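Chemist:
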Amino acid sequence: MTDTDVLVVGGGPVGLGAAVEARRAGLEVVVVEPRAGTIDKACGEGLMPGALRLLQGWDVDPPGRPIAGIRYCSGETAVSHRFVGPAGRGVRRTALHEALRRRAAELGVVTVTGRVDDVEVLTSRGTVRAAGVEARWLLACDGLHSTVRRRLGLDVDPDRPAAADARRGTDDRRRYGLRHHVGVAPWTDLVEVHWTPTAEVYVTPVADDVVGIAVLGPRGTDLDAAVAASPALARRVADAPVVSTTRGAGPLRQRSHRRAAGPVRLVGDASGYVDALTGEGLRVGWAQARAAVATLDDPEAYERAWRAATRDYRVLTAGLVRWATSPARPLVVPVARRAPRVFAGVVERLAR
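Here it is as structure tokens:
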């Protein structure tokens, strides 16, 4: 006997998405999460059209502002592309989390407030136990610094440079994110990415009177300094009040040896993460959640599905990060402007 079919560790957007998917498949689900209530975290908050489509397939439709495309900016140089198909949406992380919490509760997902300090795979029983709950399967959706990944020995040391980085004498993985909101009416329906000498500043419309500002850069990056390094953006928000707490995340680069171990599946950031540069974390995480539920009885099938779901993201994002952390960084926006079809192709791929 088990307490539930599926135990989801982590009650963030990916964990709740996994719980919703499992309930829609007719499985009993328990979510264990140490934080009560609505959870906020550092996030760019831009849902690309594909991510919004996944959400709406679960009957989740959070409020926000339409996102019609992407604009890259560097000084006076800019290049934009508007999505060919439906728009995405800028959504406050708290609004997204609350909408997913409501949907999970409507479907009968049981949420337990608790912390997973260890994971026990009960081989003789074919089950797994964590936080006092025994289940047939465990979906680890506990983020960048996943306890489940570490406890099961699936972690790859994030402080050890990959061989290619070591040969170059660089380590492009040590990047961090910061985010807060300012009270100003959005001036565009595009996500703006301002490329400064050392960081990328993302501006996302999330409400009629609020924009989110997120910064990606090396350790020690200061959000206010990054905004100031883009004079055009600094002028836009010069008199706007900060209306949320500054939150951070990182290091962003995380790797795992495998994504499946017996009855355990690593899902979302817990399974490995490249960077937030392309803004695909949630879409890829939800795609993994759907794949995990579809392949619960076949660990190797999940490994294949995970690779398929993340291949484009891993290749494109890793390439952009290498460019962004190289001496050629100042050429990113000028090259995109001179090759608008290539830029449009990249944006459309992100929109899927």
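Following the UniProt record's numbering, the numbering of the sequence shown begins with 1 at its first residue and continues without gaps. Even for Gly, the Cβ is constructed at its ideal location relative to N, Cα and C. Keep in mind it's a predicted model, so treat the numbers as computed, not measured.
(1) Could you tell me whether the stretch 200-219 touches the stretch 171-188, using the rule of 3 or more Cβ pairs below 8 Å?
(2) Using the beta-carbon count (16 or more within 10 Å), is residue 254 buried or exposed?
(3) Looking at the secondary structure, which residues open and close the beta strand (DSSP E) in which residue 176 lies?
(4) Within a Cβ cutoff of 8 Å, which residues of the same chain sit near residue 168, ignoring the five residues on either side of it in sequence?
(5) Just confirm the distance between the C-beta atoms of residue 47 and residue 277, as a whole number of angstroms; I'd bet it's less than 8 Å.
(6) For the 8 Å Cβ check, are there 3 or more pairs between the stretch 258-269 and the stretch 11-29?
(7) Quick one, which of 49, 337, 183, 28 has its alpha-carbon nearest residue 245's?
(8) Do the CB positions of residue 191 and residue 67 come within less than 7 Å of each other?
(9) Would the beta-carbon of residue 251 fall within 7 Å of that of residue 322?
(10) Buried or exposed for residue 89, going by 16 or more other Cβ atoms inside 10 Å?
(11) What alpha helix (DSSP H) runs, 4 residues minimum, are completely inside the stretch 252-319?
(12) So, with DSSP's three-state summary, where would you put residue 97?
(13) Among residues of its own chain, excluding the 5 on either side of residue 33, which ones have a beta-carbon nearer than 6 Å to its beta-carbon?
(14) Reducing DSSP to helix, strand and coil, say where residue 12 ends up.
(15) With DSSP collapsed to three states, give me the class of residue 323.
(16) Do residue 228 and residue 215 have their C-beta atoms closer together than 7 Å?
(17) Going residue by residue through the UniProt domain "FAD-binding" (3-156), where are the continuous beta strand (DSSP E) segments of at least 3 residues, counting only ones entirely within it?
(18) Is there contact here, the stretch 20-28 with the stretch 92-112, by at least three beta-carbon pairs under 8 Å?
(19) How would you call residue 123, buried or exposed, if buried means at least 16 neighbouring beta carbons within 10 angstroms?
(20) I need the straight-line Cα distance from residue 311 to residue 285, nearest angstrom please.
(21) Identify, in the order they occur along the chain, each residue of the same chain with its Cβ nearer than 6 Å to the Cβ of residue 274, setting aside the five sequence neighbours on each side.
(22) Around the Cβ of residue 81, are there at least 16 other Cβ atoms within 10 angstroms (buried) or fewer (exposed)?
(23) Taking residue 235 as part of the alpha helix (DSSP H), name the residues at either end of that continuous run.
(24) I think residue 350 touches residue 256, with their Cβ atoms under 8 Å apart; what is that distance to the nearest whole Å?
(25) Ordered along the chain, which non-local residues of its own chain (more than five positions away) have a Cβ less than 8 Å from that of residue 355?
(26) If you drop the 5 nearest sequence neighbours on each side, which residues of the same chain put their C-beta closer than 7 Å to that of residue 295?
(27) Tell me the DSSP bridge mates of residue 185?
(28) Cα-Cα, which of 148, 225, 143, 136 is closest to residue 179?
(29) Look up residue 247 in the DSSP assignment and say whether it is helix, strand or coil.
(30) Within 10 angstroms of the Cβ of residue 26, are there 16 or more other Cβ atoms? Answer buried if so, exposed if not.
(31) When you compare only the Cα positions, how much space is there between residue 127 and residue 138?
(32) Helix, strand or coil: how does DSSP classify residue 339 here?
(33) How many angstroms separate the CA atom of residue 116 from the CA atom of residue 73?
(34) Alpha carbons only, please: which of 333, 330, 242, 55 is nearest the one belonging to residue 91?
(35) Can you give the beta carbon distance from residue 140 to residue 149, rounded, assuming they're within the 8 Å contact cut?
Modeler: On the basis of the supplied data:
(1) yes
(2) Burial of residue 254 is indicated by the presence of at least 16 other C-beta atoms within 10 angstroms of its C-beta.
(3) 175-182
(4) Bear in mind that a pLDDT of 43 at residue 168, under 50, signals an unreliable position, so the number given afterwards is only what the model happens to contain. So no residue of the chain qualifies.
(5) Not a contact, Cβ separation roughly 16 Å.
(6) yes
(7) 183
(8) Against a cut-off of 7 Å, the Cβ pair of residue 67 and residue 191 comes out as a contact.
(9) no
(10) So residue 89 counts as buried.
(11) Counting only runs of 4 or more, we get 281-294.
(12) helix
(13) 11
(14) coil
(15) The three-state secondary structure of residue 323, taken from DSSP, is helix.
(16) no
(17) 4-9, 29-33, 65-67, 69-74, 77-82, 88-90, 110-113, 119-122, 127-130, 133-140
(18) Contact between the stretch 20-28 and the stretch 92-112 is present, with at least three C-beta pairs closer than 8 Å.
(19) So residue 123 ends up on the exposed side.
(20) 13 Å
(21) These residues qualify, in order along the chain: 314, 317, 318.
(22) Classification for residue 81: buried.
(23) Boundaries of the alpha helix (DSSP H) around residue 235: 231-237.
(24) Not a contact, Cβ separation roughly 23 Å.
(25) What the structure shows of the chain is the stretch from 1 to 352, and residue 355 is not part of that stretch, so it cannot be assessed.
(26) 301, 302, 305
(27) Looking at the DSSP assignment, residue 185 forms no beta bridge with any residue, so it has no partner.
(28) It is 225.
(29) strand
(30) exposed
(31) 9 Å
(32) Of the three classes helix, strand and coil, the one that applies to residue 339 here is coil, per DSSP.
(33) 43 Å
(34) The candidate whose alpha carbon is nearest that of residue 91 is 55.
(35) 6 Å
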